[in-house]
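Take a look at the structure set out below.
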Amino acid sequence: MSLRILGGSAKGRPLKVPDSARPSGARIRKSLFDLLAARAPTGTFVDLHGGSGAIGLEAASRGYTVTLVEQDARAVGALEANARALELRVRIIRGQSQKLLPRLGGFDIVFSDPPYEADIPALTAQLLGSDVVAAGGLLICQHPDRLTLPEHPGFARQVREYGSNSLTLYQRMAAADTVEDA
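The numbers in UniProt numbering rise by one with no breaks, and the one at position 182 of the sequence shown is 182.
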């Protein structure tokens, strides 16, 4: 499969895609980064299911400080090779994102596109209940359009549809927005 970085310092350069990966298509990647350019053009970014690196390496190419989490050893090897070939500095952590949540810290942008056999609504609820999304940060979940992801207190939710895929965006309210006047 041929896949290229769409923007930033590595624009147009190819990615090697491991057989285990199911990369996001160019249309949804372009839409995602157009959204981010308007809402959060810089900051810390974690891709919780690194896979091919199409999202995380794209983010690094565009100047975000990126962490990629991936449990498949072959995909980790491909992520490392792609990052070296593209001359992008990223942190790659091998492991299951759900188990690593307590140790990851908070990020300005959290991207979750798990394998479709995962219980995506349950994973989303777990992410929303954790501290992985920093105050004022954004959780973006890519999922099949037939799924509806839950609302969550302290987050504004918005859904964007792209063919058979959807992006559900959760904006975490800043700490000052969640405190009531005494």
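All C-beta atoms, glycine included, are put in the ideal place defined by N, C-alpha and C.
>> Going by DSSP in three states, GLU70 sits in which element: helix, strand or coil?
In response: Counting from one through the sequence shown, the residue named residue 70 turns up at place 70. Strand at GLU70.
> Relative to the C-alpha of LEU139, which residue among ALA118, LEU169 and LEU79 is closest?
Replying inline: Stepping through the sequence shown from its first residue, residue 139 is reached at position 139. The option with the nearest alpha carbon to LEU139 is LEU169.
> Would you report the Cα separation of ALA118 and GLY12, rounded to the nearest angstrom?
Replying inline: Start at 1 with the first residue of the sequence shown, and residue 118 comes out as number 118. Start at 1 with the first residue of the sequence shown, and residue 12 comes out as number 12. Straight-line Cα distance between these residues: approximately 32 Å.
> In terms of DSSP beta bridges, what is ALA156 paired with?
Replying inline: Looking up residue 156 in the sequence shown gives position 156. DSSP, once it has assigned bridges, lists GLN171 as partnering ALA156.
>> Taking the beta strand (DSSP E) that GLY56 belongs to, which residues open and close that run?
In response: Within the sequence shown, the letter at position 56 stands for residue 56. It is not in any beta strand (DSSP E) - GLY56 instead sits in the alpha helix (DSSP H) that spans 56-61.
>> So, at 7 Å on beta carbons, what are the nonlocal neighbours of VAL76 in its own chain, with the 5 sequence-adjacent residues on each side left out?
In response: Within the sequence shown, residue 76 is the residue found at index 76, counting from 1. Same-chain partners within the cutoff: GLU70, ILE92 and ARG94.
>> What does DSSP give as the partner residue(s) for THR65 in the beta ladder?
In response: For this step, residue 65 is matched to residue 65 along the sequence shown. Partner(s): THR44.
> PRO144 bridges to which residues according to DSSP?
Replying inline: One-based indexing of the sequence shown puts residue 144 at position 144. Answer by DSSP bridge pairing, in chain order: ASN165.
>> Give me the DSSP bridge partner(s) of residue 183.
In response: Lying before the first or after the last residue shown, residue 183 is absent from the chain, which here runs from 1 to 182.
> Among ILE5, ALA21 and PRO121, which residue has its Cα nearest to the Cα of PRO14?
Replying inline: Your numbering for residue 14 matches position 14 in the sequence shown. Nearest C-alpha to PRO14: ILE5.
> Contact between the segment 126-142 and the segment 30-48: three or more CB pairs below 8 Å?
Replying inline: yes
>> Is it the case that the segment 128-135 contacts the segment 156-168, given that we only count it when at least three CB pairs across the two stretches are under 8 Å?
In response: no
> Nearest chain B C-beta to ARG39 closer than 8 Å, yes or no?
Replying inline: The structure shown contains no chain B, having only a single protein chain.
> What is the residue span of the alpha helix (DSSP H) that ILE109 lies within?
Replying inline: For the purposes of this step, residue 109 is identified with residue 109 of the sequence shown, where counting begins at 1. Where ILE109 is concerned, there is no enclosing alpha helix (DSSP H), although the beta strand (DSSP E) it sits in stretches over 107-112.
> Residue ranges of each alpha helix (DSSP H) run of no fewer than 4 residues wholly in the segment 8-53, ordered along the chain?
Replying inline: 26-39
> Beta carbon of ARG89, beta carbon of ALA60: below 8 Å?
Replying inline: Residue mapping note: residue 89 aligns to position 89 of the sequence shown, counting from 1. Residue mapping note: residue 60 aligns to position 60 of the sequence shown, counting from 1. Against a cut-off of 8 Å, the Cβ pair of ALA60 and ARG89 comes out as a contact.
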